[in-house]
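Going by this note's numbering, the letters in the sequence shown line up with residues 502 to 711, in that order. Each residue gets a CB set at the ideal place from its N, CA and C atoms; glycine is no exception. Please read all numbers here as calculations on a predicted model, not as lab measurements. This report concerns only the one structure given below.
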Amino acid sequence: MLCWACTWRLPHRSLGLSRTSFSTVSVALSSSSSGQGGAESRPVRLSYKLLDGDAVRPALVLLHGLFGSKTNLNSVAKTLAQQTGRRVLTVDARNHGDSFYSPDMSYEAMSQDLQDFLPQLGLVPCVLIGHSMGGKTAMLLALQRAELVERLIVEDISPVDSKFGLEYLTYIAAMRAVDIPDKVPHSHARKLADEQLSHVVQVMPPSPQV
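Given below as structure tokens:
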């Protein structure tokens, strides 16, 4: 799987967690064209969890992927808060987790949610960290309102097309074509699978020791 990211080295030191808060904030969206035939986006309520920390340095804002929620990022958020001492925010996107429903699921609407929401919490400019769907939302937000983003980190999603997706279709077709007779010992079944997949499987050489 292609993973595109702007990386950032975090300091490795344990500072402990401060107070943890949880609430929902009403987000009043500005009038803008959405992905629903030009209709205006409705206001939504976003659910979030904020780990307190140093208010001087930019906060870390974590955005989850499609069908996920802020709870998917709990352990990551705690680790980042401990290692950096910064405030760390996890937030449910509209139609996910505990956030409210909206018929508009466009990236423009999700970006606008954050454009209005993050300043209300006093978390801008922030370090925006987005995974998959959250990465697309983060990239759009950075393009639309660069002044709100101190640094952008995108995981498991790319801003460019890639040939790797087509290669995976070849791998899937090859695995579906594997034919192993019933009641074959496990060790022999693995050997048969290896032989039948040898024309598509490429063994990568070990990485050189640094």
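- Query: Helix or strand or just coil, what does DSSP make of A643?
  - Reply: Assigned with DSSP and collapsed to three states, A643 falls in helix.
- Task: Reducing DSSP to helix, strand and coil, say where D614 ends up.
- Result: For D614, the three-state secondary structure derived from DSSP is helix.
- Task: Return the chain-ordered list of same chain residues with a C-beta closer than 8 Å to the C-beta of V701, the five sequence neighbours on each side being excluded.
- Result: Only T671, Y672 and A675 meet the Cβ criterion.
- Looking only at C-alpha atoms, which of M634, L649, G636 and S600 sits nearest to D617? Closest option to D617, Cα to Cα, is L649.
- Item | Selected residue, minimal CA-CA separation from L629, among R588, D605, S603 and F601 | Looking at R588, D605, S603 and F601, the one whose alpha-carbon comes closest to that of L629 is R588.
- Query: DSSP state of G631, grouped into three classes?
  - Reply: Three-state DSSP puts G631 in a strand.
- Would you list the one or two residues that DSSP bridges to I654? DSSP links I654 through a beta bridge to I630.
- Task: Would you check if there are 3 or more beta carbon pairs closer than 8 Å linking the stretch 653 to 661 to the stretch 678 to 687?
- Result: Touching, no, given that fewer than three Cβ pairs across the two stretches are closer than 8 Å.
- beta-carbon Y602 near the ligand PLP non-hydrogen atom, thresh 7 Å: This structure simply doesn't include the ligand PLP, nor any ligand for that matter.
- Pick from D553, F601 and M634 that is closest to L569, judged by C-alpha positions: Note that residue 569 is Gly in the sequence shown here, rather than Leu. The candidate whose alpha carbon is nearest that of G569 is M634.
- Task: Classify V625 as buried or exposed, calling it buried when 16 or more other Cβ atoms lie within 10 Å of its own Cβ.
- Result: Buried is the call here.
- Message: Taking its Cβ as the centre, do 16 or more other Cβ atoms sit within 10 Å of G631, making it buried, or is it exposed?
- Response: G631 comes out buried.
- Task: Just the C-alpha distance for P559 and E651, rounded to the nearest angstrom, thanks.
- Result: Taking C-alpha positions only, P559 is separated from E651 by approximately 7 Å.
- Task: Apply the 10 Å Cβ neighbour rule to Y669 and answer buried if 16 or more other Cβ atoms are within range, or exposed otherwise.
- Result: So Y669 counts as exposed.
- Kindly indicate the opening and closing residues of the alpha helix (DSSP H) around T580. Annotation for T580: the continuous alpha helix (DSSP H) segment containing it runs N575 to T585.
- Distance between K692 and K550 (C-alpha atoms, nearest Å): When only Cα atoms are considered, K550 and K692 end up about 49 Å apart.
- Task: Tell me whether the beta-carbon of S659 lies closer than 8 Å to the beta-carbon of T638.
- Result: The beta carbons of S659 and T638 sit no closer together than 8 Å.
- Coil, strand or helix - K550 by DSSP: The answer is strand: DSSP assigns K550 an E or B state.
- Task: Spatial neighbours of Q645 within its chain, please: CB distance less than 8 Å, with the 5 preceding and 5 following residues excluded, ordered by chain position.
- Result: Cβ within range, chain order: S612 and Q616.
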